[in-house]
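Novice: Structure in structure tokens, see below.
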Amino acid sequence: SIKEVLPKPQINKIIQNRILEKNFVNDQNIKTTQYKKINNKDDLISNADLLPAMLKTATLGYDGKGQFKLNNLEDCKNISLSTDSEYILEKMVNLKKEISVIVTRFKKNEYEIYEPFENKHEDQILKVSKIPANISKEHFSQSIENAKKISEKLDYVGTLCVEFFIDEKDNLLVNEIAPRVHNSGHMTINSHNISQFENHIRAVCGLKKVNILKLYNAKMTNILGNEITKYKGKKLKGNEFFFDYLKKEVKEKRKMGHFTEINKIND
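Taken in order, the sequence shown gives residues 5 to 271; the numbers are from my numbering.
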């Protein structure tokens, strides 16, 4: 018999396009950054009220690729736009904190949700994630509710991540949706009884849902480029875990592995 592909491929039509993604999130009465669709340089200039802003290709691009910071009108006039690409202009946020929520949806109103991860980026690449996140109770609960609502409205089956900004005025804003297991959740291999990876397989294969249990507080550090050399052969403590992705080629800023440190929850 023919089996349904999960998560549903049509979900990607929304999530792989930053404009459609933000439209979808706003349609759920969930806040995002301010944004405008950009087709040409005239569009850029007429939306100068959003500056300073990030100009991004509407599709493709990750870890900062296909993204350009525009501070003023001069930057808008000088940038070269491809005639066959669609862009989105996103107003820069006075950033206080970045968090992510990973949810595994099994079926309607049936979820397992990990507590919010606090994230730090360097050059738009995730460098460090930790739990617990140093955030308010309101942001804790609201981010979880928003992630749950997004996964439900998408009729998503599997593991999904919603990335959030918290700005200096304490607004909680959706940055983007990642329809997959997520880098910030790699620590769940060691911090929880069920990892994000196992939960994804359980959901898409229709296996029994097991209540997740946090076993440890944790911090995960991405290992980029040549940093991998100092971890190879490193003597690890009992609460430290090193994951080498065994990539054949070392490239600058390429994710080569990660390092996780766990601690007792009351530490």
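Ideal placement from N, C-alpha and C gives every residue a C-beta, glycine not left out. Being a predicted model, the structure only gives us computed values, none of them experimental.
How big is the Cα-Cα spacing for C80 and T233?
Specialist: Rounded to whole angstroms, C80 to T233 spans 41 Å at the Cα level.
Novice: In terms of residue numbering, what span does the beta strand (DSSP E) encompassing I139 cover?
Specialist: Element bounds for I139: n/a, residue is neither H nor E.
Novice: Alpha carbon to alpha carbon, how far is K239 from E114? Give it in angstroms, no decimals.
Specialist: Cα to Cα, E114 sits roughly 41 Å from K239.
Novice: So, for N30: in the same chain, excluding its five sequence neighbours on each side, which residues have a beta-carbon less than 8 Å away from its beta-carbon?
Specialist: Excluding residues within five positions, the ones whose Cβ falls inside 8 Å are T36.
Novice: Under a Cβ-count criterion, where at least 16 other Cβ atoms within 10 Å of its own Cβ denotes burial, should C209 be classed as buried or exposed?
Specialist: By the 10 Å Cβ count, C209 comes out exposed.
Novice: According to DSSP, is T36 part of a helix, a strand, or is it coil?
Specialist: Strand.
Novice: At 3 residues or longer, and completely inside the segment 183-228: list those beta strand (DSSP E) runs for me, N to C.
Specialist: Complete beta strand (DSSP E) runs here, min 3: 221-228.
Novice: For the beta strand (DSSP E) containing T163, name the first residue and the last one.
Specialist: Looking at the DSSP string, the run of the beta strand (DSSP E) that includes T163 is G162 to D171.
Novice: Specify the secondary structure class of R109 as computed by DSSP and reduced to three states.
Specialist: It is a strand residue.
Novice: Might you give, ordered along the chain, the residues of its own chain that have their beta carbon closer than 8 Å to the beta carbon of I170, omitting 5 neighbours on each side?
Specialist: Cβ neighbours of I170 beyond the five flanking positions: L99, K100, K101, E102, I103, I139, H143, L176 and L177.
Novice: Please identify the residue among T163, A57 and L48 whose C-alpha is closest to the C-alpha of Q38.
Specialist: Nearest option by C-alpha distance: A57.
Novice: The alpha helix (DSSP H) spanning E19 covers which residue range?
Specialist: Checking the displayed sequence, the identity of residue 19 turns out to be Ile instead of Glu. Counting along the chain, the alpha helix (DSSP H) containing I19 begins and ends at I15 to I19.
Novice: Need the endpoints of the beta strand (DSSP E) that S133 sits in, please.
Specialist: Per DSSP, S133 belongs to the beta strand (DSSP E) from I129 to I135.
Novice: How far does the beta strand (DSSP E) with N123 in it extend, from its first residue to its last?
Specialist: Note, N123: beta strand (DSSP E), F121 to E126.
Novice: Find out if the Cβ-Cβ distance for the pair K241, I135 is shorter than 9 Å.
Specialist: No. Outside cutoff.
Novice: Under 9 Å between the Cβ atoms of E167 and N123?
Specialist: Their beta carbons are under 9 Å apart, which means E167 touches N123 by this criterion.
Novice: Would you kindly report the start and end of the unbroken beta strand (DSSP E) that includes Y235?
Specialist: Here Y235 belongs to no beta strand (DSSP E); instead the alpha helix (DSSP H) covers I232 to Y235.
Novice: Quick one: residues in its chain with C-beta nearer than 6 Å to the C-beta of N194, no 5 flanking neighbours on either side, listed in chain order?
Specialist: Answer for N194: F245, T264 and I266, listed in chain order.
Novice: Quick test of your reading: V132 and T225, contact by CB under 8 Å. State the CB separation rounded to the nearest angstrom.
Specialist: Confirmed, about 5 Å.
Novice: Since N267 is in the beta strand (DSSP E), which residue starts that stretch and which ends it?
Specialist: From DSSP, the beta strand (DSSP E) with N267 extends over K259 to N267.
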